[in-house]
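Top line first, the protein sequences correspond to chains W and A. If you're matching positions, the first sequence starts at 8 in the numbering used here and goes up one per residue. If you're matching positions, the second sequence starts at 387 in the numbering used here and goes up one per residue. Virtual Cβ for every residue (Gly too), placed ideally from N, Cα, C. Just so we're clear, the structure is a prediction, and the values are computed from it rather than from any experiment.
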Amino acid sequence: MEKDRIKVERFYRLLWPHRESVLRAARLLVRDAATADDLAQETMFKSFRSIDQFAEGTNARAWLYSILRNVRIDWLRADARRKNDVSLDGSESDFEHPGLSDDPVVCIEDGDDAEQLMDRLADSDLIDAVHALPEEIRWTILLVEIEGLELARVAAILGVPLGTIKSRASRGRAMLRQALEPIACERGWIRNRGGSVPNGVNESESSKHPERRHD
Amino acid sequence: MTDYNPSKQDGLSKRLRGLRRTPVNLADFDARMVNCLPPRKPPQAIWKMLLSQLLTPARATAAGLLMLIAVVGIVVSLTGRPALASPQRLAEVYLSSVDDHGGATPIKSIADARRALDRKFPLAPQLSGEPAGMQPMSCCVHEIGRRQMACVTFVVDKQPVMLALASATDVRSEPGSELTFQGTTYVTGSSDGVNMVMIQSDGTWMCLMGRLSHKRLAELATSLRE
């Protein structure tokens, strides 16, 4: 009885405050909100059952992400058994975004203009682009770029070498830029590949239209 | 492909990092989690915590005073004044017992009613003998403003008539019209088609109600009191 009380107390003190991070991560991993909520719920429930294995003083958020990762893998495996056609290794070639090649041509380059462009994008644009990434790259972008975990810790959570994390992070960023570029072109913020009239970010245009709406 | 440099903070990185602050609604999530997790604090833990908070001398004194005030307040509210029996509330009691038979115990005699009421309401005012021309049908205990009253339903003139009895210190009648029958004055009331005559004497509050006329009810009440 006393042991159970201590377990409950530890859970609510150490892990419960991080449920928002878990829920947010699940929603960035999975497009369907209801499935993401189920994933986060299962993660928190498993963390409660395994609280004895959590070492107080270590990174609770990282520990929860490890559980989230395992739950997600279990679900994908179960899904694969049902459908018999789902890739389990998170193949990086299953990039879902239409019109993207394996060798992205990045038009949004780093620099002041690119920074302005990024500011003009809505969160939902970025989240859609993250959702469209392949599973393993999505995990990497989530943990490295969004959650800001150390690369070594991400490597430990995902169970791959540090070099793989660096490579996936770099590739993920390129894919995101490639996914976001058509949006910027469509909204007339950058010159499209055909070279038609730019409508926003370059220096002359932006100075002419300082009041342009940020979508 | 260029090698990844985590220290390089460009626009994309900043925007991605900003997603960490995306608001999520925890209310629904927490509500779901409650169903599969134990409560944060078991009840005894809350009491222990409260006691530990209170058990310093100054706090204990203040807590004692507060407790005393609370207890006195509760006692005064429960015992200070009799509950007011409004015609609306009495009609509700009548309709719930007679029409819906809610919680009533079937009886065949006043002796049955005494036995049944003794179990439910030992302090109920005692019923007199078998009233002539009134066939006991059921009995039950109802509450008015947290005060109990014993109720016995009879069949009179093929109509259900309910007798309600309570201590006069517990229940009193709402002021209303008066009707005098054979020298006894009753307070009368009506609600939802239910008529009632009420009287208070010898420390007992009594009400007879039904769909009969006030005069007929007064006549029956008088016979019950004899």
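Measuring alpha carbon to alpha carbon, tell me which residue in the options is nearest residue i.
i	options	result
L549 of chain A	A:G579, A:M595, A:Q521	A:M595
T50 of chain W	A:M419, A:D498, A:R426, A:E516	A:M419
S563 of chain A	A:R403, A:M453, A:I585, A:P468	A:I585
E27 of chain W	A:L402, A:L405, A:N411	A:N411
K14 of chain W	W:V78, W:V151, W:S54, W:H25	W:S54
A413 of chain A	W:Q48, W:L36, W:R38	W:Q48
L128 of chain W	W:F52, W:L36, W:P141, W:E193	W:E193
E143 of chain W	W:L83, W:S131, W:T65	W:L83
A477 of chain A	A:V580, A:S609, A:R403, A:M520	A:V580
R602 of chain A	A:T574, A:G397, A:T590	A:T574
P517 of chain A	A:R406, A:E612, A:R500, A:F567	A:E612
G519 of chain A	A:Q545, A:T555, A:S553	A:Q545
S577 of chain A	A:D588, A:R597, A:D416, A:Q534	A:R597
C537 of chain A	A:A554, A:G531, A:A499	A:A499
K494 of chain A	A:Q521, A:L606, A:E605, A:L454	A:Q521
Who pairs with residue i in a beta bridge, going by DSSP?
i	result
V538 of chain A	A:C525, A:L549
M592 of chain A	A:L551, A:I585
R558 of chain A	A:L470
Mind checking whether the beta-carbon of residue i lies closer than 7 Å to any heavy atom of the ligand ADP?
i	result
K601 of chain A	The model on display carries no ligand, and the ligand ADP is accordingly not part of it.
So, for residue i: in the same chain, excluding its five sequence neighbours on each side, which residues have a beta-carbon less than 8 Å away from its beta-carbon?
i	result
T147 of chain W	V161, L165, I172, R175, A176, G179
E99 of chain W	Its pLDDT being 42, under 50, E99 of chain W is placed unreliably by the model, and nothing is read from it.
T340 of chain A	Absent from the model: residue 340 of chain A. The displayed extent of chain A is 387 to 612, so no value can be given.
Quick one: what does DSSP say residue i is sitting in, helix, strand or coil?
i	result
Q48 of chain W	helix
P473 of chain A	helix
L565 of chain A	strand
R533 of chain A	strand
A62 of chain W	coil
S177 of chain W	helix
P492 of chain A	strand
T42 of chain W	helix
L149 of chain W	helix
S599 of chain A	coil
T571 of chain A	strand
V580 of chain A	strand
P24 of chain W	helix
Q123 of chain W	helix
M520 of chain A	coil
At 8 Å on the CB atoms, spell out the chain W contacts of residue i, in chain order.
i	result
V410 of chain A	E27, L30, R31, R34
F415 of chain A	R26, L30, D44, A47, Q48
C422 of chain A	Q48, F52
Please return the same chain residues whose Cβ sits closer than 7 Å to the Cβ of residue i, not counting the five positions on each side in sequence.
i	result
A40 of chain W	R34
L95 of chain W	Here L95 of chain W scores only 46 on pLDDT, less than 50, and its place in the model should not be relied on; the value that follows carries that caveat. So the list reads L83, R84, A87, once near-sequence residues are dropped.
L158 of chain W	V151, L169, I172, K173
Note down, in chain order, every chain A residue with its Cβ under 8 Å from the Cβ of residue i.
i	result
L128 of chain W	R401
I148 of chain W	L402
L124 of chain W	G397
Short of 6 Å in beta carbon distance, which residues of its chain neighbour residue i, apart from the five on each side in sequence? Order them along the chain.
i	result
M592 of chain A	L551, I585
R401 of chain A	none
E560 of chain A	L470, S472
R20 of chain W	none
R505 of chain A	none
A502 of chain A	T491, C525
Just to make sure I have the definition right: I need the residues of chain A whose C-beta is within less than 9 Å of the C-beta of residue i. Which are they?
i	result
I134 of chain W	L405, T408
Is there a Cβ of chain B sitting closer than 8 Å to that of residue i, yes or no?
i	result
R194 of chain W	Included in the structure are the protein chains W and A, with no chain B among them.
Cβ closer than 7 Å: which chain A residues qualify as neighbours of residue i?
i	result
R180 of chain W	L398
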